[in-house]
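S.K.: Quick one: structure below, then a few questions.
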Amino acid sequence: SSTWVATLRHIAKEGRQFVIGVAPLLRGSDVPEDLRGTLYGL
Numbered sequence: 845s846s847t848w849v850a851t852l853r854h855i856a857k858e859g860r861q862f863v864i865g866v867a868p869l870l871r872g873s874d875v876p877e878d879l880r881g882t883l884y885g886l
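Just so you know, we're using this note's numbering here: the sequence shown kicks off at 845 and counts up by one.
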């Protein structure tokens with residue numbers, strides 16, 4: 845979101861450093877069988 849980008853920019857400017865933001869990736873195969881129905885509505 846734009847709020848998160850603004851936060852990272854603020855941190856970078858204050859600390860005079862580079863900040864890299866990443867987003868986690870979760871695949872269906874990473875989710876245990878018993879939770880798939882709950883998460884994916886199966």
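Beta carbons: idealized from backbone N, C-alpha and C, even for Gly.
Can you give the beta carbon distance from valine 863 to leucine 852, rounded, assuming they're within the 8 Å contact cut?
M.R.: That pair is a contact at about 5 Å.
S.K.: Is the beta carbon of glycine 872 less than 8 Å from the beta carbon of arginine 860?
M.R.: Against a cut-off of 8 Å, the Cβ pair of arginine 860 and glycine 872 comes out as no contact.
S.K.: Please confirm whether valine 875 and leucine 869 have their CB atoms less than 8 Å apart.
M.R.: No, the pair does not count as a contact, with Cβ atoms beyond the cut-off.
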